[in-house]
Structure formats: structure tokens, C-alpha cells
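Residue numbers (our numbering): 1 to 324.
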């Protein structure tokens, strides 16, 4: 039964009771007015119902139902057993725990020295060259792994000390960023070799290259002489300095800064000494035969024998290794 029919029925019952029972004429008028109102509401509901039924069918082949009788598009009729309908969904991507967001490729970072240093202490690692102003372990801003043998570095190169009457070595077996050790190369060490108070013997500084079986050191000494010596075991715990290959004088000054270089190429070695600010260079060539270094760096020597445990020999200001 619809709501309109129900209201009409109620109005008819009330009107019949008013006719049968003994009501006053005024009461009957009120009752008839009420019945009329109910009939009017019933007519309105009937018109609304007819209008809804005349609307086009809703998606899924059903008409729109009012209130609680509304059916979802594609669902089974109300009161009927529902049959599962396939639902088309967009594919979603669920990241696994081990996956990480993809990243666009980025160029390899160029090497940046750490920690930062003042402009007066540069470091360079460029392709075939490695250079630093502080060639000591824990001091080198380029972080080369320096191997100190019988050297006390002092304040990162400012006055390194070696045993009284002995040798000290500081070498690298592998430079950072793929700068390789080559049989064709140039190694340069720069520094001053003053006469220190209390040291009566000779102090020397120079570049060194070698392996377990062969090697060379080019010493510049504060007695005004240069020397080229052979060495074995360079890069190990106890290198041994051998015979002297060549020697000669040079213009020494205790305040001068010298750039001392060894160059090796095609079985030949070459010593070059340059006085910074002008002067030189002094050069000396010597034969090496086939030679590939396993360690590259520099050496210090003290010929003092005053009984003190260590002697301060030189002040270093730069180291450069270049593959030729």
C-alpha cells in the first residue's frame, strides 16, 4: 500500500465516523476540513510518485529508488540474492620493504678535499697529478695514505725530525682517485734545508721512488752538495740506502726554498733542482734500466752524531706527483 492510498483511507474513515456519530455541525466542519487536507496530501504524494516512475532508468538498468531502497549501479534487485560482479580497478604499485625510490643518474662527483684548508695550503687531484702542501699522514687534505718510517712530522711538515745520524722516509703506495704509479713519472718535493741550532752534521731532503729491489733518492743537502743514491725496500719498514750514483755542488742558501725533482722515463732518470724565485735549474741524468716504482715520496737524512735522539732537518711546503 502506498502512502497516498493510506492517507485517503484514513480520511474516508474519519468522514464516515463524522456522518454516523452525533457530532455538532461545527465539529463536522472541522472533521471534513481535516479529511480534505489528508486527501490533498495524498494527491500530492501520488503526483510525486507518478513523476518519479516516469524518469529514465538509472545506470545499470534500474530506476533510482528513494531513501533506503536505493540500488547501486549494477547491483542485484532489492530482496534478491546478490551475485558478485567483477570490478575493474586501476593497477597500483606497492613498494616492497627492500625497494628504494629510483634515482636519476647523476655525474660522478669530482673529488673535494676534506677538511677544508686555507688557500695557502692547496691540494690537487686531477687525472694524472696528485699534489699537496702537507705530505704527512693525518695532515694531507687529499687524504693520501702516507707511510712514515723513522720520521716525526712535527706540525704537519713544519720541521720534521729523523733519528740522529739516520734516514727517514715518507711514501705512498696508492694515490687517491685512481692516480696510478707509473714507470714514466715526475715527483717533486719543495722545502727549505736550514742549519738548525745544535746540529753540527749535514741535513738533506729529496724525492724518492722505489720498490723492494730497486729505487732512487735525490738528496739536496745543507752543505751545498746534491747526491743521487740507490735504495731498496722503499715503502717497507726498513729501507736500505745503497751506493752513491752521482754527486755535485749547487748554490746553497739556508733561506732558499728548493723544488727538487726526479723524472723517470724509458730507463733513464733525471734530477732537476730549481731555486724558487729564480736560479737554476740544475740537472743531472743517470741510467736506471727497466724500473717501475711500488712506492713514491721523499726522504730525509741527518749525519749529525751529537747523541740527541732526533734531528730537525727541513721544512716542507709542497709535494707533486705527475704521470708523464
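Heads up, the beta-carbon is just placed ideally off N, CA and C, and yes, glycines get one too.
| Bridge-paired residues (DSSP) for residue 177 | Position 177 of the chain shown holds residue 177. None; residue 177 has no bridge partner.
| field | Opening and closing residue of the beta strand (DSSP E) in which residue 221 lies | value | On the chain shown, position 221 is the one that residue 221 refers to. Where residue 221 is concerned, the enclosing beta strand (DSSP E) stretches over 215 to 221.
| query | Using 8 Å as the Cβ pair cut-off and three pairs as the minimum, do the stretch 294 to 313 and the stretch 201 to 220 touch? | reply | The answer is yes - the stretch 201 to 220 touches the stretch 294 to 313, with three or more Cβ pairs under 8 Å.
| query | Where do the N-terminal and C-terminal ends of the beta strand (DSSP E) with residue 312 fall, by residue? | reply | Start at 1 with the first residue of the chain shown, and residue 312 comes out as number 312. Taken as a continuous stretch (DSSP letters only), the beta strand (DSSP E) holding residue 312 covers 310 to 312.
| query | Can you tell me the Cα-Cα spacing of residue 184 and residue 281, whole angstroms? | reply | The residue you call residue 184 lines up with position 184 of the chain shown. The residue you call residue 281 lines up with position 281 of the chain shown. Computed Cα separation, rounded: 21 Å.
| Mapping DSSP to helix, strand and coil, what is residue 45? | Reading the chain shown from its first residue, position 45 is the one you call residue 45. Three-state result, residue 45: helix.
| task | Take residue 305 and list the residues in its own chain whose beta-carbon comes closer than 6 Å to its own, dropping the five residues that flank it on each side. | result | Along the chain shown, read from residue 1 onward, the residue named residue 305 stands at position 305. Once the five neighbours on either side are set aside, the close Cβ partners of residue 305 are 165.
| request: Report yes if the C-beta distance between residue 312 and residue 169 is below 8 Å; otherwise report no. | output: For the purposes of this step, residue 312 is taken as the residue at position 312 of the chain shown. For the purposes of this step, residue 169 is taken as the residue at position 169 of the chain shown. Against a cut-off of 8 Å, the Cβ pair of residue 169 and residue 312 comes out as no contact.
| task | Helix, strand or coil for residue 299, going by three-state DSSP, please let me know. | result | As a position in the chain shown, residue 299 is number 299, starting the count at 1. Note: residue 299 maps to strand in three-state DSSP.
| Minimum C-alpha distance to residue 178 - residue among 33, 321 and 34 | The sequence position of residue 178 within the chain shown is 178, counting from 1. For the residues 33, 321 and 34, the minimum Cα distance to residue 178 belongs to 321.
| request: Helix, strand or coil for residue 260, going by three-state DSSP, please let me know. | output: Start at 1 with the first residue of the chain shown, and residue 260 comes out as number 260. Three-state result, residue 260: strand.
| task | Kindly indicate which three-state DSSP category residue 212 falls into: helix, strand or coil? | result | For this step, residue 212 is matched to residue 212 along the chain shown. Here DSSP, grouped into helix, strand and coil, assigns residue 212 to coil.
| said: Considering only the alpha carbon of each residue, which of 238, 204, 49 and 213 lies closest to residue 223? | reply: Taking the first residue of the chain shown as 1, we reach residue 223 at position 223. Here the closest residue by C-alpha is 204.
| Assigned secondary structure, residue 40 (DSSP; H/G/I helix, E/B strand, else coil) | In the chain shown, residue 40 corresponds to position 40, counting from 1. Three-state DSSP puts residue 40 in a helix.
| task | Would you check if the distance between the CB atom of residue 218 and the CB atom of residue 271 is smaller than 8 Å? | result | Within the chain shown, numbered from 1, the residue matching residue 218 stands at position 218. Within the chain shown, numbered from 1, the residue matching residue 271 stands at position 271. Cβ distance < 8 Å, so residue 218 and residue 271 count as in contact.
| task | Look at the alpha carbon of residue 176 and the alpha carbon of residue 261, and state the distance between them as a whole number of angstroms. | result | Start at 1 with the first residue of the chain shown, and residue 176 comes out as number 176. Start at 1 with the first residue of the chain shown, and residue 261 comes out as number 261. Cα to Cα, residue 176 sits roughly 21 Å from residue 261.
| field | Distance, residue 324 Cα to residue 127 Cα | value | Sequence index remark: in the chain shown, residue 127 carries index 127 (1-based). Sequence index remark: in the chain shown, residue 324 carries index 324 (1-based). Spanning the two alpha carbons is a distance of roughly 11 Å.
| Where residue 156 sits in the DSSP three-state scheme | Here residue 156 is taken as the residue at index 156 of the chain shown, counted from 1. Looking at residue 156 - three-state DSSP - the assignment turns out to be coil, as it is neither helix nor strand.
| DSSP bridge partner residues for residue 265 (one or two, in chain order) | To locate residue 265, count along the chain shown from 1; it is residue 265. Its beta-bridge partners are 268.
| message | According to DSSP, residue 145 sits in a beta bridge with which residue or residues? | response | Along the chain shown, one-based indexing puts residue 145 at 145. For residue 145, which the question treats as bridged, DSSP gives no partner whatsoever.
| task | Could you give the DSSP three-state label for residue 165: helix, strand or coil? | result | To locate residue 165, count along the chain shown from 1; it is residue 165. Residue 165 sits in coil when the DSSP states are folded into three classes, being neither helix nor strand.
| In whole angstroms, what is the alpha-carbon distance linking residue 202 and residue 302? | Your numbering for residue 202 matches position 202 in the chain shown. Your numbering for residue 302 matches position 302 in the chain shown. If I take the Cα positions, the gap works out to 6 Å.
| Where residue 159 and residue 192 are concerned, what is the direct C-alpha to C-alpha distance, given to the nearest angstrom? | As a working note, residue 159 is residue 159 in the chain shown. As a working note, residue 192 is residue 192 in the chain shown. Those two C-alpha atoms are separated by around 10 Å.
| request: Report yes if the CB atom of residue 237 is closer than 8 Å to the CB atom of residue 149, and no otherwise. | output: On the chain shown, residue 237 is found 237 positions in, with the first residue counted as 1. On the chain shown, residue 149 is found 149 positions in, with the first residue counted as 1. One thing to note: residue 237 has its Cβ within 8 Å of the Cβ of residue 149.
| message | So, at 6 Å on beta carbons, what are the nonlocal neighbours of residue 132 in its own chain, with the 5 sequence-adjacent residues on each side left out? | response | As a first step, residue 132 is located in the chain shown; it is residue number 132 there, counting from the start. Cβ neighbours of residue 132 beyond the five flanking positions: 123, 140, 142 and 319.
| request: Kindly list the residues whose CB is nearer than 8 Å to the CB of residue 129, restricted to its own chain and excluding five residues on each side of it in sequence; keep chain order. | output: For the purposes of this step, residue 129 is identified with residue 129 of the chain shown, where counting begins at 1. Excluding sequence neighbours, residue 129 sits near 179, 320, 321, 322 and 323.
| said: I need the straight-line Cα distance from residue 172 to residue 234, nearest angstrom please. | reply: One-based indexing of the chain shown puts residue 172 at position 172. One-based indexing of the chain shown puts residue 234 at position 234. Distance between the alpha carbons of residue 172 and residue 234 is about 10 Å.
| Do residue 190 and residue 317 have their C-beta atoms within less than 8 Å of each other? | As a position in the chain shown, residue 190 is number 190, starting the count at 1. As a position in the chain shown, residue 317 is number 317, starting the count at 1. Residue 317 sits close to residue 190, with the two beta carbons spaced by under 8 Å.
| task | Return the chain-ordered list of same chain residues with a C-beta closer than 8 Å to the C-beta of residue 267, the five sequence neighbours on each side being excluded. | result | Within the chain shown, numbered from 1, the residue matching residue 267 stands at position 267. Sequence-distant partners of residue 267 (beyond 5 residues in either direction) whose C-beta falls short of 8 Å from its own C-beta, in its chain, are 287, 288, 289, 290 and 291.
| said: Since residue 298 and residue 241 should fall inside the 8 Å C-beta cutoff, what is the C-beta to C-beta distance between them, to a whole number of angstroms? | reply: To locate residue 298, count along the chain shown from 1; it is residue 298. To locate residue 241, count along the chain shown from 1; it is residue 241. That pair is no contact at about 14 Å.
| request: In the DSSP assignment, find the beta strand (DSSP E) that holds residue 246 and state where it starts and stops. | output: By one-based count along the chain shown, residue 246 stands at place 246. From DSSP, the beta strand (DSSP E) with residue 246 extends over 240 to 249.
| What's the gap between the Cα of residue 251 and the Cα of residue 257? | As a first step, residue 251 is located in the chain shown; it is residue number 251 there, counting from the start. As a first step, residue 257 is located in the chain shown; it is residue number 257 there, counting from the start. So the two alpha carbons sit approximately 12 Å from each other.
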